[in-house]
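*Asks:* Dumping the structure here so I can ask a few things about it.
Residue numbers (the numbering used here): 30 to 296.
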């Protein structure tokens, strides 16, 4: 199947670029043109690393009087169609992270943080004039082994990795036709690329008889470390696994706000 007009505008590289510093001018410059190429990249040393104790004190304060939503699922199918959520106090959750437990600790995924708390960590967003077009920052906290299976978000994404190490397996939008993506129940659009999508693929142990097209997909693998920022464009499917106890904040562009696709070249 030939690539769509949008897929054709993506300029692939052998790996995902890591750069030392970025500004809004660099981000949109004609010289590097990272946005118009529609490719992910990582910025090293984008913000000061927060030590574990300081971060956990910040979390206790930020979520004081509030419950934290945690997610558990034992299969990829459950993640896609039947996730189980529960509520827990942040202090209790932090204590769980410090305990030697045999069972997997639930993943505190996608909890709203708010820009006030985001700013208190002295984090920088490259586009200060676009903040009114962003969703509230979300925080993700999990023990080693917690993960999110293969899926594709519906918006461009900025991921600030605060603590630990997190492995990302990323696939270009050019390869989405090989990933057996299905619109999640959250989505209603007829366009499979316009809404949050999940896949039944286990990319660690793929069943090539059930998913024969997957062999055509090329994976980009990277480990995100504390102090690094990942820019992930819309349409790049990915799975994520915490290699250690990890914490990350991410920001999505709103669907009805700024549309980075308009900046990208077409052929």
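Where a beta carbon is used, it is the ideal one built from N, C-alpha and C, also for glycine.
#1: Going by beta-carbon coordinates alone, are residue 256 and residue 76 separated by less than 8 angstroms?
#2: Starting from residue 120, follow the alpha helix (DSSP H) in both directions and report where the run begins and ends.
#3: Bridge partners for residue 198 per DSSP, in chain order?
#4: On the criterion of 16 or more Cβ atoms from any shown chain inside 10 Å, does residue 186 qualify as buried, or is it exposed?
#5: Per the contact definition of three or more C-beta pairs closer than 8 angstroms, is the segment 174-181 in contact with the segment 142-153?
#6: Out of 195, 237, 264 and 191, which has the shortest C-alpha to C-alpha gap to residue 226?
#7: If you draw a straight line from the alpha carbon of residue 281 to that of residue 144, how long is it in whole angstroms?
#8: To the nearest angstrom, how far is it from the Cα of residue 70 to the Cα of residue 45?
#9: Quick check: the Cα distance between residue 89 and residue 240, rounded to an integer number of angstroms?
#10: Between 134, 148 and 184, which has its C-alpha nearest residue 170's C-alpha?
#11: Which one of 161, 96 and 74 has the shortest CA to CA distance from residue 49?
#12: Look at the Cβ atom of residue 266, then the Cβ atom of residue 181, and state whether they are nearer than 8 angstroms.
#13: Give the DSSP-derived three-state secondary structure of residue 95 in the structure shown.
#14: Restricting to runs no shorter than 3 residues, where is the beta strand (DSSP E) found entirely within the segment 132-171?
#15: So residue 246 and residue 189 are in contact, right, with Cβ under 8 angstroms, and what is the actual spacing, rounded?
#16: Residues bridged to residue 183 by DSSP?
*Replies:* Straight from the coordinates:
#1: As a working mapping, residue 256 is identified with position 227 in the chain shown. As a working mapping, residue 76 is identified with position 47 in the chain shown. Yes, the pair counts as a contact, with Cβ atoms nearer than the cut-off.
#2: Residue numbering aside, residue 120 sits at position 91 when the chain shown is read from its first letter. Taken as a continuous stretch (DSSP letters only), the alpha helix (DSSP H) holding residue 120 covers 119-126.
#3: As a position in the chain shown, residue 198 is number 169, starting the count at 1. Partner(s): 250 and 268.
#4: Translated into the one-based positions of the chain shown, residue 186 becomes position 157. Residue 186 is buried by the Cβ-count criterion.
#5: no
#6: Locating residue 226 in the chain shown gives position 197, counting from the first residue. In this structure, 264 is the residue among 195, 237, 264 and 191 with its C-alpha nearest to the C-alpha of residue 226.
#7: Mapped onto the chain shown, residue 281 falls at position 252. Mapped onto the chain shown, residue 144 falls at position 115. A straight line joining the alpha-carbon of residue 281 with that of residue 144 spans about 13 angstroms.
#8: Numbered from 1 along the chain shown, position 41 holds the residue referred to as residue 70. Numbered from 1 along the chain shown, position 16 holds the residue referred to as residue 45. Roughly 5 angstroms between the two C-alpha positions.
#9: The residue labelled residue 89 in the question sits at position 60 within the chain shown. The residue labelled residue 240 in the question sits at position 211 within the chain shown. Distance from the CA atom of residue 89 to the CA atom of residue 240, rounded to whole angstroms, is 44 angstroms.
#10: By 1-based counting over the chain shown, the position of residue 170 is 141. Among 134, 148 and 184, the Cα nearest to that of residue 170 is on 134.
#11: Locating residue 49 in the chain shown gives position 20, where the first residue counts as 1. That would be 74, whose Cα lies nearest to the Cα of residue 49.
#12: To locate residue 266, count along the chain shown from 1; it is residue 237. To locate residue 181, count along the chain shown from 1; it is residue 152. In contact: residue 266 and residue 181 (Cβ atoms closer than 8 angstroms).
#13: What you label residue 95 is simply residue 66 of the chain shown in a count that begins at 1. The three-state secondary structure of residue 95, taken from DSSP, is coil.
#14: Fully enclosed beta strand (DSSP E) runs of 3 or longer: 137-141 and 167-171.
#15: Mapped onto the chain shown, residue 246 falls at position 217. Mapped onto the chain shown, residue 189 falls at position 160. The beta carbons of residue 246 and residue 189 sit about 27 angstroms from each other, so the pair does not count as a contact at 8 angstroms.
#16: Translated into the one-based positions of the chain shown, residue 183 becomes position 154. Under DSSP, no beta-bridge partner is assigned to residue 183.
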